[in-house]
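Okay, structure first, notes after.
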């Protein structure tokens, strides 16, 4: 009895000891298993996913872009006020930042892979997965990433069907699939930016981007839309798992009592 | 077929008066039908030979047909720019010699010595004018760049050569970046492909690349074989650009709703004017045009003159840029090209990458190599200096390329492509040589130092290039 109380307290409070406070907020996916220790480990792994996405992808993305916008403004200024200089160094900062985002995506995929392997080898609380499936079936379709056959700059793919998502494992797989699309697009962004930096050194960056003659001008808006769509996919799919957890409670969390 | 019916219906009911000639202004209905009658599906072309041949045949038809308003020809609310660009006010005249529309069919200009070839001065086009708004009628050099029509024969081979060179150069850069990252030190590498040097770059550990010593190429290190400025990557890009500029036919993949957010970008009342399949067919047709062939004289004395000229071509340094031979690793034309830029189909956006076998264009050499005798290095060179400025008549940059830089023109069709130079204002090969300044100045001076008979030998040699096609045209193929 005392052990159960201690375990419950540990789950509720102890996790904060092992998961440092995130510097960016998001949701994390929920799940429960037949073995409470598996449930605890899932939350650790899901927390690692949440932290990586929030800090090393989303937050890093926002931080990477600020110098780019400043660099463009500096170029505009240099055309109007001849004493002002262009700032190609700011675009280089953005490139470094985006490289960091790309590395974050690799790490995120590793964490998702870890989570997927874990879930596929454990016994998920049956009523939980059933609840997830029911919720998804009635849910409006999740935004899925695609850069083919869709309106340029709205590359979320419109409203794709959820028919191939029926549980926590499918959710994780969907998050990984779309992360791969996102990463491929970021690779194109990086390539385009690398080719555009010499233009910035000559004060030609904005002009060439607006003329449509360089792929960065296409890829950057696409990626901006895509990463927003990816975050929506992540949030909505995880929210489904949270809703399912609360609906079936106390099933899967009997050890909390 | 459905498209034909749809176009006819739209023509009868919705045809805007602004696109109709003055003679038809009083009529809301036209009694002709659309000119385009072929609608190939990109996803259904290949891999079998029969379907590819059918697509090439469709492409020939699309290259030849004179587009009319019922096909969607005309762009009253768009300019002729390759980037979808709207006009504020609709144009009142459809055909206009300078800003376009300036032709009914591709073959109207590309037809010497046969369909797909080059064109006389009368077929010149005006780059830059086509995106003026309102449309300009001026041919002044501060308004537009006048360009002679070049041949499309051998263009499939050129595109493939350029793609292989791009692969090489970009691979070199990637390896340099990887090396810089792992060693945490800058890495300098020479950029060479097919024995053509494009200078060098320095890759830094943070991913930055210093392109200060890059020569004759854009920073993306993609060799662009088309256009006198070396700015177009593929026949597909070229065709999409030209369809809009010259005919006001706006391809779905560039001007359709998915890219522009507008279903009828040019405001002519026609949607889906040119499908991906139609662009593919047109590209395949052009790629199927064989390279121009060299033909030596059968007269021994003349042959000796021509052979002497061949040696002079090298000794004067002409061959430094006008490379007589480039080796193609794989004689296969891929459609779409993986280097196409946004607004043109790329392999990732289709389940069908079509392969056109080009081995029939070659007799492999003794080493089994596929040698392309195009007489170009695909680089941009500065073509004028303080004293020789004949080729620097232009005042407008095209696609950010400085006005004094031009891509090395292919020479393989000299026998059929007169007049010469980018504006088609050099009626003789001699004038074209004398116009070489800048990077070509040394060769020009070497030419001037030759004896007259040596000069004539060089010209005689150059006139063997493309003579196979010239003779066929003169004799009617007999």
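Protein chains in written order, with the numbering used here: chain P, 1 to 257; chain A, 1001 to 1478.
For each residue, glycine too, the CB sits at the ideal point set by N, CA and C.
Inter-residue CB distance, residue i and residue j (contact presumed, cutoff 8 angstroms)
{"i": "residue 1144 (chain A)", "j": "residue 1118 (chain A)", "result": "About 20 angstroms separates the two Cβ atoms, so there is no contact after all."}
{"i": "residue 1149 (chain A)", "j": "residue 1109 (chain A)", "result": "5 angstroms"}
{"i": "residue 1358 (chain A)", "j": "residue 1157 (chain A)", "result": "6 angstroms"}
{"i": "residue 1413 (chain A)", "j": "residue 1292 (chain A)", "result": "4 angstroms"}
{"i": "residue 979 (chain A)", "j": "residue 1094 (chain A)", "result": "The structure shown does not extend to residue 979 (chain A), since chain A spans only 1001 to 1478, so no value can be given for it."}
{"i": "residue 125 (chain P)", "j": "residue 171 (chain P)", "result": "Not a contact, Cβ separation roughly 15 angstroms."}
{"i": "residue 953 (chain A)", "j": "residue 1187 (chain A)", "result": "With chain A covering only 1001 through 1478, there is no way to say anything about residue 953 (chain A)."}
{"i": "residue 1344 (chain A)", "j": "residue 1237 (chain A)", "result": "5 angstroms"}
{"i": "residue 219 (chain P)", "j": "residue 189 (chain P)", "result": "5 angstroms"}
Distance CB(residue i)-CB(residue j) smaller than 8 angstroms
{"i": "residue 1341 (chain A)", "j": "residue 78 (chain P)", "result": "no"}
{"i": "residue 1273 (chain A)", "j": "residue 1249 (chain A)", "result": "yes"}
{"i": "residue 1040 (chain A)", "j": "residue 1277 (chain A)", "result": "yes"}
{"i": "residue 1430 (chain A)", "j": "residue 1309 (chain A)", "result": "no"}
{"i": "residue 1444 (chain A)", "j": "residue 1146 (chain A)", "result": "no"}
{"i": "residue 1163 (chain A)", "j": "residue 1349 (chain A)", "result": "no"}
{"i": "residue 1179 (chain A)", "j": "residue 1316 (chain A)", "result": "no"}
{"i": "residue 1463 (chain A)", "j": "residue 1415 (chain A)", "result": "yes"}
{"i": "residue 64 (chain P)", "j": "residue 145 (chain P)", "result": "no"}
{"i": "residue 33 (chain P)", "j": "residue 42 (chain P)", "result": "yes"}
{"i": "residue 164 (chain P)", "j": "residue 139 (chain P)", "result": "no"}
{"i": "residue 91 (chain P)", "j": "residue 197 (chain P)", "result": "yes"}
{"i": "residue 1375 (chain A)", "j": "residue 1465 (chain A)", "result": "yes"}
Min CB distance residue i to chain P below 8 angstroms
{"i": "residue 1300 (chain A)", "result": "no"}
{"i": "residue 1083 (chain A)", "result": "yes"}
{"i": "residue 1207 (chain A)", "result": "yes"}
{"i": "residue 1268 (chain A)", "result": "no"}
{"i": "residue 1211 (chain A)", "result": "yes"}
{"i": "residue 1349 (chain A)", "result": "yes"}
{"i": "residue 1342 (chain A)", "result": "yes"}
{"i": "residue 1496 (chain A)", "result": "The structure shown does not extend to residue 1496 (chain A), since chain A spans only 1001 to 1478, so no value can be given for it."}
{"i": "residue 1000 (chain A)", "result": "Here chain A covers residues 1001 to 1478 and nothing more, so residue 1000 (chain A) does not appear."}
Close Cβ partners of residue i (< 8 angstroms) along its chain, the five nearest in sequence each way excluded
{"i": "residue 1353 (chain A)", "result": "1334, 1335, 1336, 1347"}
{"i": "residue 1379 (chain A)", "result": "1196, 1198, 1215, 1216, 1217, 1230, 1321, 1407, 1408"}
{"i": "residue 239 (chain P)", "result": "27"}
{"i": "residue 183 (chain P)", "result": "102, 105, 106, 109"}
{"i": "residue 1471 (chain A)", "result": "1295"}
{"i": "residue 1064 (chain A)", "result": "1105, 1106, 1107, 1115"}
Residue i in three-state terms, based on DSSP
{"i": "residue 1150 (chain A)", "result": "coil"}
{"i": "residue 234 (chain P)", "result": "helix"}
{"i": "residue 1081 (chain A)", "result": "coil"}
{"i": "residue 1313 (chain A)", "result": "helix"}
{"i": "residue 244 (chain P)", "result": "helix"}
{"i": "residue 1381 (chain A)", "result": "strand"}
{"i": "residue 1332 (chain A)", "result": "strand"}
{"i": "residue 1355 (chain A)", "result": "strand"}
{"i": "residue 1470 (chain A)", "result": "helix"}
{"i": "residue 1203 (chain A)", "result": "strand"}
{"i": "residue 1398 (chain A)", "result": "strand"}
Cut-off 7 angstroms between Cβ atoms - residues of its own chain near residue i, not counting five sequence neighbours on either side
{"i": "residue 244 (chain P)", "result": "128, 131, 132, 135"}
{"i": "residue 38 (chain P)", "result": "122"}
{"i": "residue 1021 (chain A)", "result": "Low confidence applies here, because residue 1021 (chain A) scores a pLDDT of 49, under 50, leaving its location unreliable; read the following figure in that light. Result list for residue 1021 (chain A): 1094, in chain order."}
Any chain A beta carbon closer than 8 angstroms to residue i
{"i": "residue 105 (chain P)", "result": "no"}
{"i": "residue 187 (chain P)", "result": "no"}
{"i": "residue 198 (chain P)", "result": "yes"}
{"i": "residue 86 (chain P)", "result": "no"}
{"i": "residue 268 (chain P)", "result": "The structure shown does not extend to residue 268 (chain P), since chain P is modelled only from 1 through 257, so no value can be given for it."}
{"i": "residue 97 (chain P)", "result": "no"}
{"i": "residue 148 (chain P)", "result": "yes"}
{"i": "residue 195 (chain P)", "result": "yes"}
{"i": "residue 181 (chain P)", "result": "no"}
{"i": "residue 170 (chain P)", "result": "no"}
{"i": "residue 228 (chain P)", "result": "no"}
{"i": "residue 114 (chain P)", "result": "no"}
{"i": "residue 212 (chain P)", "result": "yes"}
{"i": "residue 129 (chain P)", "result": "no"}
{"i": "residue 218 (chain P)", "result": "yes"}
{"i": "residue 248 (chain P)", "result": "no"}
{"i": "residue 100 (chain P)", "result": "no"}
{"i": "residue 215 (chain P)", "result": "yes"}
{"i": "residue 72 (chain P)", "result": "no"}
Residues of its chain near residue i, where Cβ-Cβ distance is below 6 angstroms and the 5 sequence neighbours each way are ignored
{"i": "residue 52 (chain P)", "result": "107, 108, 111"}
{"i": "residue 248 (chain P)", "result": "127, 128, 131"}
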